[in-house]
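Participant: Line order of the protein sequences matches chains A and B.
Residues in the first sequence are numbered consecutively from -5, following the working numbering.
Residues in the second sequence are numbered consecutively from -5, following the working numbering.
We put the beta carbon where it would ideally sit given N, CA and C, even for glycine.
There are 2 protein chains.
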Amino acid sequence: MLNTGDCQTHFVHQKTIDRVKESIPKEENLYDLADFFKMFGDTSRIKILKALSISELCVCDLSELLNISQSAMSHQLRTLRQVNLVKFRKQGKIAFYSLKDDHVKQILDIGIQHIEEAL
Amino acid sequence: MLNTGDCQTHFVHQKTIDRVKESIPKEENLYDLADFFKMFGDTSRIKILKALSISELCVCDLSELLNISQSAMSHQLRTLRQVNLVKFRKQGKIAFYSLKDDHVKQILDIGIQHIEEAL
DNA sequence: TTTATATATGATCACTTGTTCATATGTTAA
DNA sequence: TTAACATATGAACAAGTGATCATATATAAA
Chain A
-5 MLNTGDCQTH FVHQKTIDRV KESIPKEENL YDLADFFKMF GDTSRIKILK
45 ALSISELCVC DLSELLNISQ SAMSHQLRTL RQVNLVKFRK QGKIAFYSLK
95 DDHVKQILDI GIQHIEEAL
Chain B
-5 MLNTGDCQTH FVHQKTIDRV KESIPKEENL YDLADFFKMF GDTSRIKILK
45 ALSISELCVC DLSELLNISQ SAMSHQLRTL RQVNLVKFRK QGKIAFYSLK
95 DDHVKQILDI GIQHIEEAL
C-alpha cells in the first residue's frame, strides 16, 4: 500500500491522537534526546559508563580495561563529553574521567533490570 | 601512537581496574543491553514510545501522529517488539500497541530531565 | 631543548540503520 | 467469492557510526 499521508479509515482515533500529541517533546529537544540515548546503544560505551559509575579512570586505564586502542577510547570519550555524560580533570599528563551526573547510573540500572526480567 | 595492547606507563591504576572490572555486565548481556538502549536513539522511536506511554494506539494512529508512512511505522514497531519494549493486541484488522512495562517511561523521563538540566 | 609519554584528532572504511517502494498477509463487509 | 483496508515484510539504498591508522598536541623529565 502506498502511503497517502493519512489513513483512509474511520479507525483513526483522532481524540486520542490529539491528547497524545501534547506529550511529545518539542522537535528541537528530540534530537538532543536521541543523541543522549544513542550513547547507551554501544557495548563499548556501556562498559565505559558502567566502569565510570564505580570509579573515575584515566584514558589509559579505560583502554586497558576494555582492551581497545587508546585512539578508539579517546574518540568515545569525546562523544560522551559532547552529550554531557562525562567530565574530566587533568592531573599533569593524565586525564581522569568520571560521570557528569547520576542519570547515567539510573538509566543503566533500569536497562539491566529490563534485560533480566525479559529472560 | 600505535596501539601496543597496553599502556607503557606506571600510571595504570591496576587495583582500580580490577575492582571496576567486576561491575561490567557479562559479554552475553551487553549486546541485549545495547540493542535495548538503541531503541531510544532515534527521534521517531522516541515519539512512538512517548506516545504509547500516554495511551495505546493503533498503527494507523501512530503513522498519522508521526506523519510517517505506514510501512516505516510497522518496521519500527517490529524492532520495538523484538526488544520487548512494546506489545500489541489485535482487534479485527486493527493492532493496538502499548508499552510492555514501565521501564520505558522511566528511562524517557530521566533522559528528558538530563536534557533540561544541561541547558 | 630534546625525549618520552598521555591524550586528542582527522581521514578513511566496513558495517549498521531507517526509510522507501513493492508486495504479501490477514480480516471484514458486501 | 470479491473488494476494501489494516498491517507486515523483503529488497534496496542513502546516511550515519565505530574502529583503525597516522599524526598532532601537551606535559614532564632528562
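Can you tell me which of the three DSSP states F34 of chain A falls into?
Facilitator: Within the first sequence, residue 34 of chain A is the residue found at index 40, counting from 1. In this structure, F34 of chain A counts as coil in the three-state DSSP scheme.
Participant: Using the Cβ count rule (16 or more neighbours within 10 Å means buried), how would you classify Q70 of chain A?
Facilitator: In the first sequence, residue 70 of chain A corresponds to position 76, counting from 1. Label assigned to Q70 of chain A: buried.
Participant: Give the DSSP-derived three-state secondary structure of S68 of chain A in the structure shown.
Facilitator: Along the first sequence, one-based indexing puts residue 68 of chain A at 74. DSSP places S68 of chain A in helix when its eight states are reduced to three.
Participant: Any idea what DSSP makes of A28 of chain A, helix, strand or coil?
Facilitator: Your numbering for residue 28 of chain A matches position 34 in the first sequence. If DSSP states are grouped into helix, strand and coil, A28 of chain A belongs with the helices.
Participant: K44 of chain B by DSSP, collapsed to three states: which one?
Facilitator: Working through the second sequence from its first residue, we reach residue 44 of chain B at position 50. Helix at K44 of chain B.
Participant: Could you spell out where the beta strand (DSSP E) holding S57 of chain B opens and where it closes?
Facilitator: Within the second sequence, residue 57 of chain B is the residue found at index 63, counting from 1. Element bounds for S57 of chain B: not the beta strand (DSSP E) but the alpha helix (DSSP H), 53 to 60.
Participant: Mapping the DSSP letters down to three states, classify K84 of chain A as helix, strand or coil.
Facilitator: The count along the first sequence starts at 1 and reaches residue 84 of chain A at position 90. Of the three classes helix, strand and coil, the one that applies to K84 of chain A here is strand, per DSSP.
Participant: Give the C-beta separation of T37 of chain B and A28 of chain A to the nearest angstrom, bearing in mind that I take them to be a contact with Cβ-Cβ under 8 Å.
Facilitator: Your numbering for residue 37 of chain B matches position 43 in the second sequence. Your numbering for residue 28 of chain A matches position 34 in the first sequence. 5 Å between Cβ atoms; contact.
Participant: Please report the straight-line C-alpha distance between Q8 of chain B and L60 of chain A, rounded to a whole angstrom.
Facilitator: Counted from its first residue, the second sequence places residue 8 of chain B at position 14. Counted from its first residue, the first sequence places residue 60 of chain A at position 66. Roughly 13 Å separates the two Cα atoms.
Participant: I'd like to know if the region 82 to 101 of chain B and the region 44 to 57 of chain B are in contact, where contact means that at least 3 CB-CB pairs between them fall below 8 Å.
Facilitator: In short, these stretches touch, since the Cβ pair count reaches three.
Participant: Output, in chain order, the set of chain B residues within a Cβ distance shorter than 8 Å of L24 of chain A.
Facilitator: Taking the first residue of the first sequence as position 1, residue 24 of chain A is located at position 30. Per Cβ cutoff of 8 Å: T37, I40, K41.
Participant: In terms of alpha-carbon separation, which member of B:A112, B:E22, B:S68, B:I101 lies closest to G174 of chain B?
Facilitator: This structure leaves residue 174 of chain B out entirely; chain B is present only between -5 and 113.
Participant: Is the closest heavy atom of the ligand HEM to the C-beta of K20 of chain A under 7 Å?
Facilitator: This structure lacks the ligand HEM; in fact it carries no ligand of any kind.
Participant: Ends of the alpha helix (DSSP H) at V14 of chain B?
Facilitator: Position 20 of the second sequence holds residue 14 of chain B. Taken as a continuous stretch (DSSP letters only), the alpha helix (DSSP H) holding V14 of chain B covers 8 to 15.
Participant: What does K84 of chain B reach in chain A if we use C-beta pairs closer than 7 Å?
Facilitator: If you number the second sequence from 1, residue 84 of chain B lands on position 90. Simply none; closest approach about 13 Å.
Participant: In whole angstroms, what is the alpha-carbon distance linking D55 of chain B and I88 of chain B?
Facilitator: As a working note, residue 55 of chain B is residue 61 in the second sequence. As a working note, residue 88 of chain B is residue 94 in the second sequence. In a straight line, the C-alpha of D55 of chain B is about 10 Å away from that of I88 of chain B.
Participant: Check whether the Cβ of H108 of chain A lies closer than 8 Å to any Cβ atom in chain B.
Facilitator: Residue mapping note: residue 108 of chain A aligns to position 114 of the first sequence, counting from 1. Chain B, which has a Cβ nearer than 8 Å to the Cβ of H108 of chain A, makes this yes.
Participant: DSSP three-state label for Q100 of chain B, please.
Facilitator: Against the second sequence, residue 100 of chain B aligns to sequence position 106. Correct three-state label for Q100 of chain B: helix.
Participant: Using 8 Å as the limit for Cβ to Cβ distance, is K15 of chain A near chain B?
Facilitator: For the purposes of this step, residue 15 of chain A is identified with residue 21 of the first sequence, where counting begins at 1. Chain B contact via Cβ: present.
Participant: Between which residues of its own chain and T(-2) of chain A is the CB-CB distance below 8 Å, once the five residues before and five after are set aside?
Facilitator: Position 4 of the first sequence holds residue -2 of chain A. Model confidence at T(-2) of chain A stands at a pLDDT of 39, short of 50, so the residue's coordinates are unreliable; what they give is reported in the following sentence. Once the five neighbours on either side are set aside, T(-2) of chain A has no close Cβ partner at all.
Participant: Output needed for S68 of chain B: all residues of its chain with C-beta closer than 8 Å, excluding positions within five of it in sequence on either side, in chain order.
Facilitator: By 1-based counting over the second sequence, the position of residue 68 of chain B is 74. Closer than 8 Å at Cβ, skipping near neighbours: V53.
Participant: Against chain B, does A45 of chain A count as a neighbour if the rule is that its beta carbon must be under 8 Å from one of theirs?
Facilitator: Here residue 45 of chain A refers to the residue found at position 51 when the first sequence is read from its first residue. For A45 of chain A, the answer is yes, since a Cβ of chain B falls inside 8 Å of its Cβ.
Participant: Residues in the same chain with beta-carbon distance under 7 Å from N78 of chain B, minus the five sequence neighbours each way, listed in chain order, please.
Facilitator: The count along the second sequence starts at 1 and reaches residue 78 of chain B at position 84. Closer than 7 Å at the Cβ level, and outside the excluded window around N78 of chain B, lie K94.
Participant: Tell me which same chain residues have a C-beta within less than 6 Å of the C-beta of Q64 of chain B, skipping the five on either side of it?
Facilitator: Position 70 of the second sequence, counted from the start, is the residue given in the question as residue 64 of chain B. Answer for Q64 of chain B: S57, listed in chain order.
Participant: Taking 8 Å as the CB-CB limit, is L27 of chain A close to chain B?
Facilitator: Translated into positions along the first sequence, residue 27 of chain A becomes position 33. Chain B contact via Cβ: present.
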